[in-house]
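Visitor: Taking the numbering used here, the leading residue of the sequence shown gets 9, the next gets one more, and so forth.
Every residue, glycine too, gets a C-beta built ideally from N, C-alpha and C.
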Amino acid sequence: MLKIRLKRFGRKKQPSYRVIVIDSRKPRDGRAIEEIGFHNPITNKSQINLERAKKRINEGAQTTKKVQQIINYLEKQN
9 MLKIRLKRFG RKKQPSYRVI VIDSRKPRDG RAIEEIGFHN PITNKSQINL
59 ERAKKRINEG AQTTKKVQQI INYLEKQN
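1) Roughly how many angstroms lie between the CA atoms of Gly68 and Gly45, to the nearest whole one?
2) Report the CB separation of Gln77 from Lys11 in whole angstroms; it is logged as a contact under 8 Å.
3) Alpha carbon to alpha carbon, how far is Arg13 from Pro23?
4) Can you tell me the Cα-Cα spacing of Glu42 and Lys15, whole angstroms?
5) Within the same chain, show all residues whose beta-carbon is closer than 7 Å to that of Lys74, passing over the 5 residues directly before and after it, in chain order.
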């Protein structure tokens, strides 16, 4: 099953995340099928290609709780 989840990168104690589509059996920082956005909790900036996310969700991908919160927040802004 595909998951839309966060992939951590950045320096120690300064995390940044990429929003990725990945097989649920792969490790958190494993090779992604597709990168659809990013999230920076320090500056509270997020950007996700909502069209690509909706397409993947319609195909059966599941989101994690945090990614779903980010998507809902971005949809309210638009």
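Guide: According to the data block:
1) Here residue 68 corresponds to residue number 60 of the sequence shown, with the count starting at 1. Here residue 45 corresponds to residue number 37 of the sequence shown, with the count starting at 1. Taking the straight line from one Cα to the other gives about 19 Å.
2) Counting from one through the sequence shown, the residue named residue 77 turns up at place 69. Counting from one through the sequence shown, the residue named residue 11 turns up at place 3. Incorrect: roughly 15 Å between the Cβ atoms, too far for contact.
3) Start at 1 with the first residue of the sequence shown, and residue 13 comes out as number 5. Start at 1 with the first residue of the sequence shown, and residue 23 comes out as number 15. When rounded, the distance between both Cα atoms is 15 Å.
4) If you number the sequence shown from 1, residue 42 lands on position 34. If you number the sequence shown from 1, residue 15 lands on position 7. So the alpha carbons of these two residues sit roughly 11 Å apart.
5) Counted from its first residue, the sequence shown places residue 74 at position 66. Leu14.
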